[in-house]
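A.B. asks: Submitted below is the structure of interest, expressed as structure tokens.
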Amino acid sequence: MKSILITGGAGFIGSHVIREFVNKYPEVKIINIDALTYAGNLENLTDVEGSKNYKFIKADITDAKVIFEIFEEHQPEGIIHLAAESHVDRSITNPLDFVITNVIGTVNLLNAANHIWKGKYEGKRFHHVSTDEVYGALGDTGFFTEETSYDPHSPYSASKASSDHFVRAYHDTYGLPVVITNCSNNYGPNHFPEKLIPLCIHNILNNKPLPIYGNGKYTRDWLYVIDHAKAIDLVFHEGKDGGSYNVGGFNEWQNIDLVKELCSQMDEKLKRPSGTCEQLITYVKDRPGHDLRYAIDANKINQELGWKPSVTFEEGLSKTIDWFLDNKGWLENVTSGEYQKYYSTQYN
Ligand code: NAD
Ligand code: DAU
Numbered sequence: 016m017k018s019i020l021i022t023g024g025a026g027f028i029g030s031h032v033i034r035e036f037v038n039k040y041p042e043v044k045i046i047n048i049d050a051l052t053y054a055g056n057l058e059n060l061t062d063v064e065g066s067k068n069y070k071f072i073k074a075d076i077t078d079a080k081v082i083f084e085i086f087e088e089h090q091p092e093g094i095i096h097l098a099a100e101s102h103v104d105r106s107i108t109n110p111l112d113f114v115i116t117n118v119i120g121t122v123n124l125l126n127a128a129n130h131i132w133k134g135k136y137e138g139k140r141f142h143h144v145s146t147d148e149v150y151g152a153l154g155d156t157g158f159f160t161e162e163t164s165y166d167p168h169s170p171y172s173a174s175k176a177s178s179d180h181f182v183r184a185y186h187d188t189y190g191l192p193v194v195i196t197n198c199s200n201n202y203g204p205n206h207f208p209e210k211l212i213p214l215c216i217h218n219i220l221n222n223k224p225l226p227i228y229g230n231g232k233y234t235r236d237w238l239y240v241i242d243h244a245k246a247i248d249l250v251f252h253e254g255k256d257g258g259s260y261n262v263g264g265f266n267e268w269q270n271i272d273l274v275k276e277l278c279s280q281m282d283e284k285l286k287r288p289s290g291t292c293e294q295l296i297t298y299v300k301d302r303p304g305h306d307l308r309y310a311i312d313a314n315k316i317n318q319e320l321g322w323k324p325s326v327t328f329e330e331g332l333s334k335t336i337d338w339f340l341d342n343k344g345w346l347e348n349v350t351s352g353e354y355q356k357y358y359s360t361q362y363n
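In terms of the numbering used here, the sequence shown opens at residue 16 and continues consecutively.
Laid out in structure tokens, this is it:
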């Protein structure tokens, strides 16, 4: 059985990619490698854990020896690499963790792929999942294209930019068959509540303040996570060797407007009088080095591979809220213990 190794499959986006691949490719063995950090949660995968073509291996991508052994044993024909430290605010507090996982972890995987494929690259592929944050920040106009120069500002985006450079270097130096996707902000089921949307959903349910950094006019381009998983499937199978593809929602929102839309949908779903949730909005100290605006030009993936988002933001947000309301146990589990400590340090 041919196998594909997916790193970070217990995380937010990774779990949706695992589900997409396990269900769509029953003849392919999907191996999930995840260290189960605070962000990794096997509860995200209960519906696929019994599938014949799915295997979970708890392993840390920073451990080169273990990674080599896994590659030797399973001889994957493809790697889809999502494992990372992913939260900008945590990168400001602990930058080195981001270098270790995002840079060294990625290089370990590149070395292991190079080692087992030994220059025989026919039918092989290393897909690196990256972010639009590597491009830096836009002013009020313009878009990030695949040709935009890298200009990262946070330790997180600097570590992701560095990992992208290593992936390209292995392509150019060794001929390793690689593709990179640079995606905008995802949202959807299983989103860890340290990020804006799930954090606000969690706080609304608990009648806690909704913390808006700075003046709230920072702008992000939001994409429903399942649309990202489908884009990864397309690029992994059909993207051009050595190429990179921007993935985005054609969907820009200033943070304050987004949170107001969330509040209005939640008032309705929770049967609270209109305007109730909005009263929780609280402006707080800004994020240092906060990027003003991200906006993706996703025309290349649209024109070359026919990908486009399948849901509008209002629909995606409604589905997301419904998922959180139906999975309050999940939210409680991930917000107990360690999360409380993180929250009080970050917001008090
Ligand atoms: P996440 O934080 O929800 O999940 C990361 C996963 O990686 C977790 O399961 C965690 O246990 C695992 N992991 C972390 N360190 C590891 C290690 N050393 N070894 C093995 N596993 C480890 O992240 P996410 O939001 O799902 O993001 C996934 C990827 O997509 C990341 O590479 C991120 O940079 C990229 N990305 C995210 C977004 C977004 O909006 N969330 C947008 C664009 C790109
Ligand atoms: O653009 C893609 C990136 O999107 C990914 O690469 C990252 O992994 C992912 O975390 C996300 O980064 P952001 O920093 O944009 O996401 P976050 O949800 O943390 O913040 C979204 C915006 O909301 C940002 O402008 C900061 C702001 N914000 C965030 C939090 C957590 C607030 O105003 N208040 C908050 O409490």
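Backbone N, C-alpha and C define an ideal beta-carbon position, used for all residues, glycine too.
1. Output the residues surrounding the ligand DAU, defined as those with a CB atom closer than 6 angstroms to any ligand heavy atom, in chain order.
2. Which term fits Val-240, buried or exposed, when burial requires 16 or more other beta carbons within 10 angstroms of its beta carbon?
3. Since Asn-47 contacts Ala-25 with CB under 8 angstroms, what's their CB separation in whole angstroms?
4. When you compare only the Cα positions, how much space is there between Glu-88 and Ile-76?
5. With respect to 7 angstroms, is the separation between the Cβ of Val-118 and the closest non-hydrogen atom of the ligand NAD below this value?
6. Let me check one thing: in DSSP terms, what residues is Thr-146 bridge-paired to?
7. Can you give the beta carbon distance from Arg-34 to Val-63, rounded, assuming they're within the 8 angstroms contact cut?
8. Compute the minimum distance between the beta carbon of Val-274 and the heavy atoms of the ligand NAD, and state whether it is under 7 angstroms.
9. Determine the DSSP secondary structure at Ile-107, reduced to helix, strand or coil.
10. Report yes or no: do three or more beta-carbon pairs, one from the segment 189-204 and one from the segment 119-134, lie closer than 8 angstroms?
11. Taking 7 angstroms as the cut-off, is the CB of Leu-346 close to at least one heavy atom of the ligand NAD?
12. Near His-217, which residues of its chain fall below 7 angstroms by C-beta distance, leaving aside the five closest residues on each side in sequence?
13. Examine the ligand NAD and report whether any of its heavy atoms sits within less than 7 angstroms of the Cβ of Val-122.
14. Which residue from Asn-205, Gln-318, Met-281 and Cys-278 puts its Cα closest to that of Thr-61?
15. DSSP three-state label for His-102, please.
16. In the DSSP assignment, find the unbroken alpha helix (DSSP H) run with Leu-332 in it and report its ends.
17. Going by the C-beta, is Ala-25 closer than 7 angstroms to any heavy atom of the ligand NAD?
18. What are the boundary residues of the beta strand (DSSP E) that Asn-47 is part of?
19. Secondary structure at Asn-59, three-state DSSP: helix, strand or coil?
20. For Thr-22, which three-state DSSP category applies?
21. Compute the minimum distance between the beta carbon of Val-114 and the heavy atoms of the ligand NAD, and state whether it is under 7 angstroms.
22. From the DSSP output, in three-state form, read off His-96 for me.
23. Out of Ile-94, Gln-269, Val-193 and Lys-323, which has the shortest C-alpha to C-alpha gap to Tyr-309?
24. Whose C-beta lies closer than 6 angstroms to the C-beta of Cys-198 among residues of the same chain, with five residues either side of it excluded?
25. Suppose the cutoff is 7 angstroms on Cβ atoms and the five residues either side in sequence are ignored; what does the same chain contact list for Leu-340 look like?
26. Is there contact here, the segment 150-161 with the segment 89-107, by at least three beta-carbon pairs under 8 angstroms?
27. Given the structure, does Phe-159 come close to the ligand NAD, in the sense that its CB is under 7 angstroms from one of the ligand's heavy atoms?
28. Take every Cβ of the segment 249-266, pair it with every Cβ of the segment 322-333, and state whether three or more of those distances are shorter than 8 angstroms.
29. Can you find a heavy atom of the ligand NAD that lies under 7 angstroms from the Cβ of Leu-97?
30. Suppose only complete runs of 3+ residues qualify. What are the beta strand (DSSP E) ranges in the segment 171-219, listed by chain order?
31. For Ala-313, is the beta carbon positioned less than 7 angstroms from some heavy atom of the ligand NAD?
32. At which residues does the alpha helix (DSSP H) containing Gln-318 begin and terminate?
33. Go to Phe-158, then tell me how far its beta strand (DSSP E) extends in each direction, as first and last residue.
34. The beta strand (DSSP E) spanning Leu-307 covers which residue range?
C.D. replies: Judging by the given coordinates:
1. Ser-101, His-102, Val-103, Thr-146, Asp-147, Glu-148, Ser-199, Asn-200, Lys-210, Leu-211, Leu-214, Pro-226, Ile-227, Tyr-228, Tyr-233, Arg-235, Asn-270, Arg-302 and Tyr-309
2. If you number the sequence shown from 1, residue 240 lands on position 225. With 16 or more Cβ atoms within 10 Å of its Cβ, Val-240 is classed as buried.
3. One-based indexing of the sequence shown puts residue 47 at position 32. One-based indexing of the sequence shown puts residue 25 at position 10. Confirmed, about 7 angstroms.
4. If you number the sequence shown from 1, residue 88 lands on position 73. If you number the sequence shown from 1, residue 76 lands on position 61. Straight-line Cα distance between these residues: approximately 16 angstroms.
5. Translated into positions along the sequence shown, residue 118 becomes position 103. Checking every heavy atom of the ligand NAD against the Cβ of Val-118, none is found closer than 7 angstroms.
6. For the purposes of this step, residue 146 is taken as the residue at position 131 of the sequence shown. In DSSP, Thr-146 forms a bridge with Cys-198.
7. Working through the sequence shown from its first residue, we reach residue 34 at position 19. Working through the sequence shown from its first residue, we reach residue 63 at position 48. About 6 angstroms; that satisfies the 8 angstroms criterion.
8. For this step, residue 274 is matched to residue 259 along the sequence shown. Because no heavy atom of the ligand NAD lies under 7 angstroms away, the Cβ of Val-274 does not count as near it: no.
9. For the purposes of this step, residue 107 is taken as residue 92 along the sequence shown, with counting starting at 1. Helix at Ile-107.
10. yes
11. Your numbering for residue 346 matches position 331 in the sequence shown. No, the beta carbon of Leu-346 sits no closer than 7 angstroms to any heavy atom of the ligand NAD.
12. The count along the sequence shown starts at 1 and reaches residue 217 at position 202. Excluding sequence neighbours, His-217 sits near Pro-208, Leu-346 and Thr-350.
13. As a first step, residue 122 must be located in the sequence shown, where it is residue number 107. Outside the cutoff, so no.
14. The residue labelled residue 61 in the question sits at position 46 within the sequence shown. Of Asn-205, Gln-318, Met-281 and Cys-278, the residue nearest in Cα terms is Asn-205.
15. As a position in the sequence shown, residue 102 is number 87, starting the count at 1. DSSP places His-102 in coil when its eight states are reduced to three.
16. As a first step, residue 332 must be located in the sequence shown, where it is residue number 317. From DSSP, the alpha helix (DSSP H) with Leu-332 extends over 328-341.
17. As a working note, residue 25 is residue 10 in the sequence shown. Correct: Ala-25 has its Cβ closer than 7 angstroms to the ligand NAD.
18. Locating residue 47 in the sequence shown gives position 32, where the first residue counts as 1. Where Asn-47 is concerned, the enclosing beta strand (DSSP E) stretches over 44-49.
19. Numbered from 1 along the sequence shown, position 44 holds the residue referred to as residue 59. Residue state, collapsed to three classes: helix.
20. On the sequence shown, residue 22 is found 7 positions in, with the first residue counted as 1. Three-state result, Thr-22: strand.
21. Within the sequence shown, residue 114 is the residue found at index 99, counting from 1. Not so, every heavy atom of the ligand NAD lies at least 7 angstroms from the Cβ.
22. On the sequence shown, residue 96 is found 81 positions in, with the first residue counted as 1. DSSP places His-96 in strand when its eight states are reduced to three.
23. Within the sequence shown, the letter at position 294 stands for residue 309. When each option's Cα is compared against that of Tyr-309, the closest is Gln-269.
24. For the purposes of this step, residue 198 is taken as the residue at position 183 of the sequence shown. Once the five neighbours on either side are set aside, the close Cβ partners of Cys-198 are His-243 and Val-262.
25. By one-based count along the sequence shown, residue 340 stands at place 325. Correct list, in chain order: Lys-284.
26. no
27. Start at 1 with the first residue of the sequence shown, and residue 159 comes out as number 144. It does not: the Cβ of Phe-159 is nowhere closer than 7 angstroms to a heavy atom of the ligand NAD.
28. yes
29. Position 82 of the sequence shown, counting from 1, holds the residue named residue 97. Checking the Cβ of Leu-97 against the ligand NAD gives yes.
30. 193-198 and 200-202
31. Here the question's residue 313 lines up with position 298 in the sequence shown. No, since every heavy atom of the ligand NAD falls outside the 7 angstroms radius drawn around the Cβ of Ala-313.
32. Against the sequence shown, residue 318 aligns to sequence position 303. Run containing Gln-318: 314-320, per the alpha helix (DSSP H) assignment.
33. On the sequence shown, residue 158 is found 143 positions in, with the first residue counted as 1. Premise fails: Phe-158 is in no beta strand (DSSP E) and is neither H nor E.
34. The residue you call residue 307 lines up with position 292 of the sequence shown. It is not in any beta strand (DSSP E) - Leu-307 carries neither H nor E in the DSSP assignment.
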